[in-house]
Structure formats: C-alpha cells, structure tokens
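Asker:
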Amino acid sequence: MKIGLTFDLRSWYLDRGYSMDETAEFDKQETVDALDNSLKIMGHETEQIGNAFQLIEALAAGKKWDLVFNIAEGLYGDGRESVVPAILDQYRIPYVFSGPVIMGISLNKHLAKLVVAEAGVPVSPGFLVSDIADLAKMKLVYPLFVKPVSEGTGKGITDKSLVKNISELKEMVEWILKEFNQPALVEEYLPGREFTVGIIGHGDETVAIGGMEVITADNLPYSVYVKENYHDYCKYQPLSADIAEECKSVAVSAWKALDAVDGGRVDVKADRNGRICFIEANPLAGLNPIHSDLPILARMYNIDYQKLLEMIMASAIKRIKVD
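Below is the structure:
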C-alpha cells in the first residue's frame with residue numbers, strides 16, 4: 056500500500072516565526088522517521104506529506120495515496136485537529152485515526168465529558184466559563200481545577216490550576232480567557248491517583264492494551280513543562296491489580312461513547328471516594344517511540360513500538376477495508 060504521512064513538524068513552524076508555545080504539541084523529525092520506518096517494515100511504500108498546508112499543495116498537484124497515517128495536530132482554533140481529516144474526507148482518501156467530528160469533540164474537554172457522562176461514565180462535576188460573569192452561576196465545591204477547554208499536552212495547566220477560593224479562581228479564569236482566547240473549564244478537583252490507558256480499536260472491538268499510573272514530584276499538575284521534563288518530575292508505573300480493571304473499563308466505555316477509532320489514550324483519575332472518573336480522551340496520541348505516553352505504557356506490557364503500530368494499522372485496515 057502507498058501510505059502518506061501527515062504531521063506538524065515543529066521545526067517547520069519555528070523556521071517560519073511561530074513560537075515555542077504555539078508549537079508545543081508538534082512533532083520532531085525523529086517521530087516522523089520512526090513512523091515512516093515502521094510502516095516500511097510492514098511492507099508499505101511511504102511518502103512524508105507534512106502539514107495541512109503541504110497536504111493541500113500535494114492534492115492540488117494531483118498526488119494520491121491508498122491511505123494516510125495522520126498525526127497532524129493543527130495550528131489554530133478548536134477544530135484544528137479536524138482540519139486534515141476533513142480535507143481527506145473531501146478527497147475520499149481513507150486515513151488512520153478518528154475523523155473530524157470525533158477529533159473536535161475530544162479536543163473540547165467540556166463536550167467530551169458531556170458525551171461520556173451521557174453514556175454513564177463517571178466524570179467530575181464541571182462548569183464552562185466563557186465570561187468572568189459566568190462565575191456567579193457556578194455551584195461547585197472547592198477545591199477546583201481550572202484549565203483551557205480545548206488545549207492538549209498540558210498547555211494552560213500550571214501550579215495555579217488548583218484553586219481553593221473565589222479569588223484564586225477569578226485570577227486563573229481571567230488568565231485563561233486572555234491568554235488562550237477560549238473558555239475555561241472549571242471542575243471539582245479529583246484528589247486521587249491519576250492514570251492513562253492505552254486503547255486500540257473501535258466499537259465493540261475496542262481493547263485496553265494496558266495503562267500506567269502517573270506520579271509527579273510534589274504532586275505537581277501534569278503540565279506541558281512536567282511532560283517535557285518527565286525524567287525529572289514523573290514516575291510511571293503499570294496499573295496495580297487493585298485498580299486495573301476499573302481504569303480499563305472506564306477508558307474503554309469513554310472511547311466507545313466518543314466513537315473514536317484505531318488507537319489513542321484515555322486519561323482517568325480517582326475522586327475523593329476512590330471512584331475512577333474520566334478526564335479526557337486523546338484520539339491523536341503522541342507517537343514518539345521513546346518519550347510519548349502511549350509507547351511508554353505499551354512497553355510496560357511487552358508491546359514494542361513496531362507491534363503497537365501494527366495493531367493500530369490492523370484496526371484501520373479492517374475498519375476501512377483497504378487492501
């Protein structure tokens with residue numbers, strides 16, 4: 056099969072004047088090369104297409120692929136992860152990972168929680184703040200956790216995200232509204248253990264391949280800085296027997312409720328009573344073979360990088376019935 060790779064290369068944007076913060080979610084060349092090499096080992100012919108701009112240029116030049124392996128995060132707006140899948144849909148080119156609707160809902164943590172809660176998955180009570188005046192209507196119990204509604208990779212999460220009173224809450228909400236130009240999601244804080252679960256498949260064939268507990272130094276929030284410096288601030292360990300099945304069950308139920316496909320991660324955390332709650336889904340999980348959470352947790356269950364990619368590809372090929 057001829058497979059194109061779509062991705063946002065961080066260096067491509069930095070060379071054009073974009074900031075480190077704007078490109079925090081983007082990939083390094085080593086990630087793209089690892090994916091490319093893995094697909095070639097499977098016997099496929101590959102082409103590194105690049106980002107949405109480069110994809111449009113390639114399509115305009117008449118290029119075609121049997122399948123696109125898409126890890127493009129997009130640049131601006133709450134539909135940024137939906138851009139490449141939507142373009143490919145218009146050209147009727149099949150691709151790996153979820154489509155534009157699922158990508159958009161999952162990126163918006165408030166909408167994702169509404170969907171999974173409707174399916175009976177436990178979530179922490181939350182409130183969306185689009186204007187500082189909205190706080191007058193809020194009826195949540197402190198302490199609260201505040202974050203941008205549509206960011207990834209821990210962007211917008213700081214040591215001030217955990218708030219204990221109205222003054223701290225207003226300060227954090229005002230900063231998010233101004234800094235990210237998007238609503239703030241305010242949730243009752245989940246004080247328990249935090250986990251991320253790896254998912255493969257779609258619908259009734261969804262499986263949790265394993266998961267890991269995320270333990271941060273001094274109970275720091277899992278921010279973009281902490282993630283980028285995980286060797287110094289994080290300890291990862293496989294799901295313990297006492298919690299493994301509950302974590303997997305919540306993650307699989309959330310994944311199915313969102314109708315996500317092929318592979319990704321679901322983050323969960325325990326509430327004050329020890330009940331595992333859905334935090335967010337990542338249907339476009341990082342795939343750096345060394346540093347990304349999904350490959351890290353997969354290795355804990357004897358699934359190496361090549362096997363992980365083969366599982367993802369098997370799901371996509373079966374789902375879209377390509378040869």
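Note that our numbering gives residue 84 to position 29 of the sequence shown, counting from 1, and the numbers run on in steps of one.
For each residue, glycine too, the CB sits at the ideal point set by N, CA and C.
With glycine 266 as the anchor, note down where its beta strand (DSSP E) starts and where it stops.
Answerer: 262-271
Asker: How is glutamate 226 classed by DSSP in three states: helix, strand or coil?
Answerer: For glutamate 226, the secondary structure class from DSSP, reduced to helix, strand or coil, is helix.
Asker: Please state if the CB of glutamate 249 and the CB of aspartate 322 are separated by a distance shorter than 9 Å.
Answerer: yes
Asker: If aspartate 287 sits next to serine 370, beta carbons under 8 Å apart, how far is it from one beta carbon to the other, in whole angstroms?
Answerer: With a Cβ gap of about 35 Å, aspartate 287 and serine 370 do not count as contacting.
Asker: When we look at the beta-carbon of methionine 368 and count the other beta-carbons within 10 Å, is it buried (16 or more) or exposed?
Answerer: buried
Asker: To the nearest angstrom, report how far apart glutamine 361 and serine 93 are at their CA atoms.
Answerer: 6 Å
Asker: Just how far apart, CA to CA, sit serine 137 and methionine 193?
Answerer: 31 Å
Asker: Can you name the start and end residues of the alpha helix (DSSP H) that alanine 191 belongs to?
Answerer: Per DSSP, alanine 191 belongs to no alpha helix (DSSP H) and is neither H nor E.
Asker: Any idea what DSSP makes of leucine 380, helix, strand or coil?
Answerer: Lying before the first or after the last residue shown, residue 380 is absent from the chain, which here runs from 56 to 378.
Asker: Kindly give me the distance between the Cβ atoms of asparagine 357 and threonine 86, rounded to whole angstroms, as I take these residues to be in contact under 8 Å.
Answerer: The pair is not a contact, with the Cβ atoms about 22 Å apart (cut-off 8 Å).
Asker: Note the first and the last residue of the continuous beta strand (DSSP E) segment covering valine 184.
Answerer: 181-184
Asker: With distances taken from CA atoms, which of Gly253, Ser205 and Leu275 is nearest aspartate 214?
Answerer: Leu275
Asker: Excluding the 5 residues preceding and the 5 following proline 246 in the sequence, name in chain order all residues of the same chain whose CB lies nearer than 7 Å to its CB.
Answerer: Arg327
Asker: Quick test of your reading: glycine 211 and lysine 202, contact by CB under 8 Å. State the CB separation rounded to the nearest angstrom.
Answerer: 5 Å
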